[in-house]
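Undergrad: For the sequence shown, position 62 matches number 61 in numbering that gives the first Met the number 0, and the numbering has no gaps at all.
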Amino acid sequence: MNDIVDTFLAQALKIAAQYEGGQVAFADLTGLVDEFAATLAEQLSDLPESQRPSVTSALESRLEGGIKELAPDSRAAQALGELLQSLNRTPIY
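1) Contact defined as beta carbons within less than 8 Å: I believe LEU86 pairs with ALA36. What is the distance between those atoms, to the nearest angstrom?
2) Shortest alpha-carbon distance to ALA40 belongs to which of ALA78, ILE3, GLY80?
3) Using the rule of at least 16 other Cβ atoms within 10 Å of the residue's Cβ for burial, across every protein chain shown, is GLY65 buried or exposed?
4) Just checking, does the region 17-33 make contact with the region 56-64 on the three C-beta pairs under 8 Å criterion?
5) Does the beta-carbon distance from LEU43 to LEU62 come in below 9 Å?
6) From the DSSP output, in three-state form, read off LEU86 for me.
7) Drop a sphere of 10 angstroms on the beta-carbon of LEU79, count the other beta-carbons inside from all chains shown, and report buried for 16 or more, exposed for fewer.
8) Does GLY30 come out as helix, strand or coil in the three-state DSSP assignment?
9) For ALA75 and GLU19, which I take to be in contact (beta-carbon distance under 8 Å), what is that distance rounded to the nearest angstrom?
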């Protein structure tokens with residue numbers, strides 16, 4: 000369970016760093032966020048239903064912590080915020 004959280008947190012931080020550094024445009028960020036959410040939903044579907052909320056909550060908490068460590072108007076905080084919001088969206092794939 001922690002492996003999933005660690006893996007997706009690392010991926011989120013990588014995306015945020017790329018967006019902060021200008022390597023990723025907002026349009027590309029949107030696609031990466033959608034891919035992130037879809038991949039997470041796929042990983043969660045492999046877990047017993049009783050474990051899914053705790054994994055999602057742990058990832059939300061870690062992303063929120065990452066956002067708090069950044070300047071609120073930074074591009075990295077914006078990227079992490081987009082990723083955080085994606086956790087509660089239903090993928091349409």
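Backbone N, C-alpha and C define an ideal beta-carbon position, used for all residues, glycine too.
TA: Per the coordinate set shown:
1) To locate residue 86, count along the sequence shown from 1; it is residue 87. To locate residue 36, count along the sequence shown from 1; it is residue 37. The beta carbons of LEU86 and ALA36 sit about 7 Å from each other, so the pair counts as a contact at 8 Å.
2) Taking the first residue of the sequence shown as position 1, residue 40 is located at position 41. Considering only alpha carbons, the answer is ILE3.
3) Translated into positions along the sequence shown, residue 65 becomes position 66. Buried is the call here.
4) The region 17-33, when compared against the region 56-64, does not touch it at the 8 Å Cβ threshold.
5) Against the sequence shown, residue 43 aligns to sequence position 44. Against the sequence shown, residue 62 aligns to sequence position 63. No, Cβ-Cβ distance for LEU43 and LEU62 is not below 9 Å.
6) The residue you call residue 86 lines up with position 87 of the sequence shown. Of the three classes helix, strand and coil, the one that applies to LEU86 here is coil, per DSSP.
7) In the sequence shown, counting from the first residue as 1, residue 79 sits at position 80. Around the CB of LEU79, 16 or more other CB atoms lie within 10 Å, so the residue is classed as buried.
8) The sequence position of residue 30 within the sequence shown is 31, counting from 1. Three-state DSSP puts GLY30 in a helix.
9) Taking the sequence shown and counting its residues from 1, the one referred to as residue 75 is at position 76. Taking the sequence shown and counting its residues from 1, the one referred to as residue 19 is at position 20. ALA75 to GLU19, Cβ: 4 Å. Contact.
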